[in-house]
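S.K.: For the protein sequence lines, the chains are A and B, in the order given.
Here the first sequence is numbered in the working numbering, starting from 1 and rising by one per residue.
Here the second sequence is numbered in the working numbering, starting from 443 and rising by one per residue.
Note that the Cβ used here is the ideal one computed from N, Cα and C, for glycine as well.
If you scroll down you'll find the structure; I have some questions about it.
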Amino acid sequence: MRRIHGVMIFLIAVLLMGSTAAAFAGGKAEGGGAKGSLSFWNMPFVTQEVSPDYVKQWVANVKTALPDYNVDNFFGPGDYGPQRDKYLVQAQSGSPDVIEGLLEDTAVYVQKGDIEPLDSYFNAWADKSQFVPATLAPLTINGHLYGIPYNTNARGLIYRKDILDQYNLSVPKTWSDLIATAQAITKATNKQMWGLFLCTKVGDPRAPQEFISWWFQVGGGKPMFTLSGGQKTYNPTVDQLAQILTLYGQAFTGDNPAANPDERGNGWPSEDPGYASGKWAMAPEGPWLWGRRKDDPTAQKILDSSIVTALPMPDGGQAGTYLEVKPIMMNHYAKDKAGAWKLIQFITSKENMGNWMASSGGIPARTDSLDLPVFQGPLGNWIKMFAALLPQAHAQEPVNWGPVSDANMRAVNFVIYGQKSPQDAAQWLHDTVQGLVTGGQI
Amino acid sequence: MRPRIIRENSGLALLLPTLLIMALFSIFPLVEGIRLSFTDANLLNRGARGVGLANYGKLLADPVFWSSLWHSLVLTGAAVTLQLVLGMILALALKQELPGIRFFRSVIMASWVIPVAATAVMFTFMVEPGYGYVNIVLRLLGIKANSFWFGDLNAAFPFMVLLHLWRNVPFYGIAFLAAMQAIPHSLYEAAEIDGAGPLHSFFSITVPGCRNMIIVMVTIHVLWTFNNFDMVYLTTGGGPVYATEVLPVYLYQQSWISYTIGYASSIGTVMFVLLMIYFIIYIRIYQRQQG
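Structure follows, in structure tokens:
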């Protein structure tokens with residue numbers, strides 16, 4: 001028994017000495033004061049949306065650019081949902097210092113007070129004038145700039161020019177053209193190729209972005225929510241929502257449906273590879289599809305014979321589409337805000353932003369990045385097709401879009417699965433979102 | 443000689459660290475969750491005020507809650523029952539000394555070892571139209587099918603049950619095999635001498651011999667399946683429409699999409715109460731049988 005006590009005392013002593021030694025070692029490193037540390041959560045670096053070679057180069061470059069800092073090469077959970085959830089819970093710890101995200105995330109972080117206004121930093125930056133004003137506007141909430149944009153794009157209709165030429169079809173300009181053209185392709189190919197793909201999966205990030213694109217057309221460019229004096233007003237009428245839902249209903253019905261009914265409830269993981277492998281001839285897409293050229297020679301051939309144009313409009317509607325803006329934000333609780341700003345400047349510098357977007361097929365939010373040699377040639381032409389759509393693109397308002405997007409896609413599901421008529425689904429959607437507004441959930 | 447107070451309470455003292463850790467990581471979150479269910483806590487707003495039973499009143503009037511509860515109960519009932527039956531059949535098969543059976547016994551747990559996230563991704567690809575393995579096999583069998591099965595209103599839920607079976611049946615099989623191997627062979631010999639057939643032996647010797655293992659497996663799988671979030675969330679997100687919406691997914695959506703922590707906590711509390719009722723009834727029956 002005494003021996004056991006002796007062993008236990010020895011173990012405790014070893015543990016205590018070990019922890020004391022570690023504390024001293026830590027103190028020494030910190031006391032040496034050589035470097036500060038910074039952390040940056042950034043989904044595309046984890047998911048390889050941007051090439052691993054670029055990330056490797058970025059990690060090497062940041063060491064040179066910020067010699068006084070160690071920048072952690074853990075870039076967060078690697079998925080926007082978990083990244084947002086974790087940040088909401090842990091932001092007050094001061095980590096990460098800098099976070100990349102979706103525009104929808106910015107609104108949520110601002111509401112919770114978790115991100116720092118960047119006006120004073122940005123206004124003092126010589127590169128300020130290089131940023132496209134349209135990309136700064138949606139990040140300006142309550143008069144303050146809450147993020148530096150690095151990536152922007154407008155949703156357009158990508159179509160197979162070779163297929164349309166083969167079957168003597170015109171590029172669709174209206175929703176009825178879109179359905180008719182897509183049905184003609186489905187019929188002409190005997191369902192070997194479907195005319196259109198639309199994302200309809202509940203929880204899919206891209207599906208609500210497509211839905212909102214149609215809204216901007218039906219609503220004449222009006223935002224879905226008007227924010228005034230802390231009040232939020234839901235703008236769509238039941239009839240307008242029914243018009244959008246009818247489009248989804250029409251896409252999946254008929255003898256030769258425009259879109260494959262077996263793809264109902266599917267999302268972006270099917271949309272992109274499906275287009276690049278020739279399963280459908282048209283889809284609402286963004287510039288990221290460029291990365292699919294590397295899949296195989298077929299994908300390269302298909303994308304080389306593809307054209308991007310404005311999304312078709314409803315009769316009596318107005319040109320409009322979803323504007324994606326991705327920001328780099330600073331943690332309000334970052335312990336070294338000057339260092340965090342230096343890191344943001346590095347990330348959004350001309351070269352780093354340009355090369356990042358070139359690697360992932362996005363449009364840089366800086367005009368001078370487009371002067372880089374990497375944007376000349378085929379990639380430059382590709383980017384220009386999407387950039388041409390930016391003037392008609394609208395950003396989403398700073399509200400909590402999560403429950404709204406969920407309701408939008410449930411309504412779409414009601415229609416495409418024949419659970420409700422477009423009018424009934426629209427009424428349900430209107431009531432649901434109105435309830436969210438009244439309940440203060442957005 | 444140690445003082446009496448130390449002598450008599452040394453057992454309690456040894457348990458104290460464990461009890462403290464349990465209190466910190468189990469009891470505190472549980473109590474806090476129940477407390478939050480009586481508030482309007484929202485992750486985006488600071489502070490929360492008491493709202494009494496308002497969240498529970500809202501639950502009663504929420505059709506999505508009721509359909510999610512129904513789906514959770516059906517999923518748990520169907521998956522656990524089928525796992526039990528198929529697991530028993532698998533164990534009987536594994537018990538046979540067939541060529542290659544040792545290798546089969548070694549690899550059969552692979553589906554249980556693979557992380558759920560990987561399983562979900564794998565199945566999502568497998569049920570894709572065109573190149574999906576499920577559709578290819580169905581076509582080879584002469585069945586004209588090319589659906590995205592997780593997007594099919596009628597098939598998505600049965601596929602969710604299938605996903606649970608694919609993952610858990612081997613675990614049941616191995617567990618029941620272990621229980622069967624502990625049954626003395628002499629019992630089967632005696633039964634055979636007494637003229638009992640294989641079916642009679644199975645129900646009179648094998649099943650009672652596996653009884654404790656069955657209780658353990660059913661208990662933990664009722665808990666796991668009822669609380670299972672990842673399989674549904676990663677494959678269908680609760681859709682299409684609300685066809686696969688189960689309580690853990692609905693709770694998650696309320697917590698992390700709407701950020702209505704108070705309402706989400708009331709869903710969690712209902713889940714907790716339901717499982718507690720199940721356990722109390724189950725343990726009572728078990729104790730009565732033991733007695």
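Pull up the distance between the alpha-carbon of A23(A) and that of N70(A), whole angstroms please.
M.R.: Translated into the one-based positions of the first sequence, residue 23(A) becomes position 23. Translated into the one-based positions of the first sequence, residue 70(A) becomes position 70. Low per-residue confidence applies at A23(A): pLDDT is 42, beneath 50, and the placement is therefore not dependable, though the value from the model is reported in the following sentence. Cα to Cα, A23(A) sits roughly 20 angstroms from N70(A).
S.K.: Output the distance between the C-alpha atoms of I656(B) and N61(A), rounded to the nearest integer angstrom.
M.R.: Position 214 of the second sequence, counted from the start, is the residue given in the question as residue 656(B). Position 61 of the first sequence, counted from the start, is the residue given in the question as residue 61(A). Computed Cα separation, rounded: 59 angstroms.
S.K.: Are the C-beta atoms of I699(B) and some chain A residue less than 7 angstroms apart?
M.R.: Taking the second sequence and counting its residues from 1, the one referred to as residue 699(B) is at position 257. It does; some Cβ of chain A falls within 7 angstroms.
S.K.: Take the Cβ of H642(B) as the centre, count every other Cβ of all protein chains shown within 10 Å, and call the residue buried at 16 or more, exposed below.
M.R.: The residue labelled residue 642(B) in the question sits at position 200 within the second sequence. Counting Cβ neighbours within 10 Å, H642(B) comes out exposed, since fewer than 16 surround it.
S.K.: Mind checking W512(B): buried by the 16 CB within 10 Å criterion, or exposed?
M.R.: Here residue 512(B) corresponds to residue number 70 of the second sequence, with the count starting at 1. It counts as exposed.
S.K.: Under three-state DSSP, which class holds F480(B)?
M.R.: On the second sequence, residue 480(B) is found 38 positions in, with the first residue counted as 1. F480(B): coil per DSSP, three-state reduction.
S.K.: Identify the continuous beta strand (DSSP E) that holds K232(A) and give its terminal residues.
M.R.: Position 232 of the first sequence, counted from the start, is the residue given in the question as residue 232(A). Where K232(A) is concerned, the enclosing beta strand (DSSP E) stretches over Q231 to Y234.
S.K.: Whole-angstrom Cβ separation of F216(A) and H394(A), contact assumed at under 8 angstroms?
M.R.: Residue mapping note: residue 216(A) aligns to position 216 of the first sequence, counting from 1. Residue mapping note: residue 394(A) aligns to position 394 of the first sequence, counting from 1. Indeed, because the Cβ distance is near 5 angstroms, the residues count as touching under 8 angstroms.
S.K.: Between E30(A) and chain B, is there a C-beta pair that is closer than 7 angstroms?
M.R.: Taking the first sequence and counting its residues from 1, the one referred to as residue 30(A) is at position 30. For E30(A), the predicted model reports a pLDDT of 40, less than 50, meaning its position is unreliable; a value from the coordinates is still stated below. No, E30(A) lies away from the interface with chain B (no Cβ there is under 7 angstroms from its Cβ).
S.K.: Looking only at C-alpha atoms, which of D127(A), A126(A), D119(A) and Q427(A) sits nearest to A137(A)?
M.R.: Along the first sequence, one-based indexing puts residue 137(A) at 137. It is D119(A) whose Cα lies nearest to the Cα of A137(A).
S.K.: Going straight from the alpha carbon of I699(B) to that of F645(B), what length do you get?
M.R.: The residue given as residue 699(B) occupies position 257 in the second sequence. The residue given as residue 645(B) occupies position 203 in the second sequence. So the two alpha carbons sit approximately 49 angstroms from each other.
S.K.: Output, in chain order, the set of chain B residues within a Cβ distance shorter than 9 angstroms of K279(A).
M.R.: As a position in the first sequence, residue 279(A) is number 279, starting the count at 1. In chain order: P571 and G572.
S.K.: Can D72(A) and S305(A) be called in contact, C-beta distance under 7 angstroms?
M.R.: For the purposes of this step, residue 72(A) is identified with residue 72 of the first sequence, where counting begins at 1. For the purposes of this step, residue 305(A) is identified with residue 305 of the first sequence, where counting begins at 1. No; because the gap between Cβ atoms is not below 7 angstroms, this pair is not in contact.
S.K.: Can you pull the chain B residues whose beta carbon is under 7 angstroms from the beta carbon of N151(A), in chain order?
M.R.: Start at 1 with the first residue of the first sequence, and residue 151(A) comes out as number 151. Here the premise fails: no neighbours, minimum Cβ distance about 24 angstroms.
S.K.: If we cut at 7 angstroms on Cβ distances, does P471(B) have a partner in chain A?
M.R.: Translated into positions along the second sequence, residue 471(B) becomes position 29. Judged by the 7 angstroms Cβ criterion, P471(B) is not in contact with chain A.
S.K.: With a CB to CB cut of under 7 angstroms and the five nearest residues on each side skipped, what residues in its chain are close to V674(B)?
M.R.: Along the second sequence, read from residue 1 onward, the residue named residue 674(B) stands at position 232. So the qualifying residues of the chain are M602, G680, T686, V688 and V691.
S.K.: Using a Cβ-Cβ cutoff of less than 8 angstroms, which residues in the same chain neighbour D672(B) once the five nearest sequence positions on both sides are dropped?
M.R.: As a working note, residue 672(B) is residue 230 in the second sequence. If we look at D672(B) and ignore the five residues flanking it on each side, its Cβ neighbours are V558, A559 and A562.
S.K.: By how many angstroms is the C-alpha of E271(A) removed from the C-alpha of I469(B)?
M.R.: Start at 1 with the first residue of the second sequence, and residue 469(B) comes out as number 27. Start at 1 with the first residue of the first sequence, and residue 271(A) comes out as number 271. When rounded, the distance between both Cα atoms is 45 angstroms.
S.K.: With 16 other CB atoms within 10 Å as the buried threshold, where does F74(A) fall?
M.R.: Counted from its first residue, the first sequence places residue 74(A) at position 74. With fewer than 16 other Cβ atoms within 10 Å, it is exposed.
S.K.: I'd like to know if S589(B) contacts chain A, where contact means its C-beta is closer than 7 angstroms to some C-beta of that chain.
M.R.: The residue given as residue 589(B) occupies position 147 in the second sequence. Closer than 7 angstroms to some Cβ of chain A, the Cβ of S589(B) qualifies, so yes.
S.K.: For N190(A), count neighbouring C-beta atoms within 10 Å of its own C-beta (all shown protein chains included) and say buried if the count is 16 or more, exposed if not.
M.R.: Translated into positions along the first sequence, residue 190(A) becomes position 190. Flag for N190(A) reads exposed.
S.K.: Where does N331(A) sit, in a helix, a strand or coil, going by DSSP?
M.R.: On the first sequence, position 331 is the one that residue 331(A) refers to. The answer is strand: DSSP assigns N331(A) an E or B state.
S.K.: T152(A) lies in the alpha helix (DSSP H); which residues open and close that run?
M.R.: As a first step, residue 152(A) is located in the first sequence; it is residue number 152 there, counting from the start. No alpha helix (DSSP H) contains T152(A), which is instead part of the beta strand (DSSP E) from I148 to A154.
S.K.: Is it buried or exposed, Y614(B), if we count other Cβ atoms within 10 angstroms and call 16 or more buried?
M.R.: For the purposes of this step, residue 614(B) is taken as residue 172 along the second sequence, with counting starting at 1. So Y614(B) counts as buried.
S.K.: Using the beta-carbon of each residue, which ones in chain A are nearer than 9 angstroms to L495(B)?
M.R.: By 1-based counting over the second sequence, the position of residue 495(B) is 53. Ordered by position in chain A, no residue passes the 9 angstroms Cβ test against L495(B), which lies about 17 angstroms from the chain.
S.K.: Is DSSP giving M193(A) helix, strand or coil here?
M.R.: The residue labelled residue 193(A) in the question sits at position 193 within the first sequence. In this structure, M193(A) counts as coil in the three-state DSSP scheme.
S.K.: Using the rule of at least 16 other Cβ atoms within 10 Å of the residue's Cβ for burial, across every protein chain shown, is K28(A) buried or exposed?
M.R.: Position 28 of the first sequence, counted from the first residue, corresponds to residue 28(A). Residue confidence for K28(A) is low, a pLDDT of 36 falling below 50, so the modelled location carries little weight; the figure read from the coordinates is stated next. Under this definition K28(A) is an exposed residue.
S.K.: Measuring alpha carbon to alpha carbon, tell me which of I115(A), I179(A) and P52(A) ends up nearest L311(A).
M.R.: Against the first sequence, residue 311(A) aligns to sequence position 311. When only C-alpha atoms are compared, the closest one is I179(A).
S.K.: Determine, for P682(B), whether the minimum Cβ-Cβ distance to residues of chain A falls below 7 angstroms.
M.R.: By one-based count along the second sequence, residue 682(B) stands at place 240. True, the Cβ-Cβ gap to chain A drops below 7 angstroms.
S.K.: Using C-beta distances below 7 angstroms, list every residue in its chain close to G32(A), excluding the 5 sequence neighbours before and after it, in chain order.
M.R.: Position 32 of the first sequence, counted from the first residue, corresponds to residue 32(A). Any reading at G32(A) must be qualified, since the residue scores a pLDDT of 46, below 50, and its modelled position is unreliable; no value is offered.
S.K.: Pick from G639(B), E570(B) and T481(B): whose alpha carbon is nearest that of A490(B)?
M.R.: By 1-based counting over the second sequence, the position of residue 490(B) is 48. For the residues G639(B), E570(B) and T481(B), the minimum Cα distance to A490(B) belongs to T481(B).
S.K.: For N413(A) and chain B, any beta-carbon pair shorter than 7 angstroms?
M.R.: Numbered from its first residue, the first sequence carries residue 413(A) at position 413. Yes - at least one Cβ of chain B is within 7 angstroms of the one on N413(A).
S.K.: Rounded to the nearest angstrom, how far is the Cβ of G443(A) from that of F197(A), given a contact under 8 angstroms?
M.R.: The displayed coordinates of chain A run from 1 to 442. Any statement about residue 443(A) would go beyond what the structure contains.
S.K.: What are the residues that DSSP puts in a beta bridge with E324(A)?
M.R.: Your numbering for residue 324(A) matches position 324 in the first sequence. Partner(s): N153(A).
S.K.: Per DSSP, F453(A) forms a beta bridge with which residues?
M.R.: The requested residue 453(A) does not occur in the structure, where chain A is confined to residues 1 to 442.
S.K.: Decide if the region 498–518 of chain B is in contact with the region 124–131 of chain A; the criterion is three or more beta carbon pairs, one per stretch, under 8 angstroms apart.
M.R.: Judged by Cβ distances under 8 angstroms, the region 498–518 of chain B makes no contact with the region 124–131 of chain A, as fewer than three pairs qualify.
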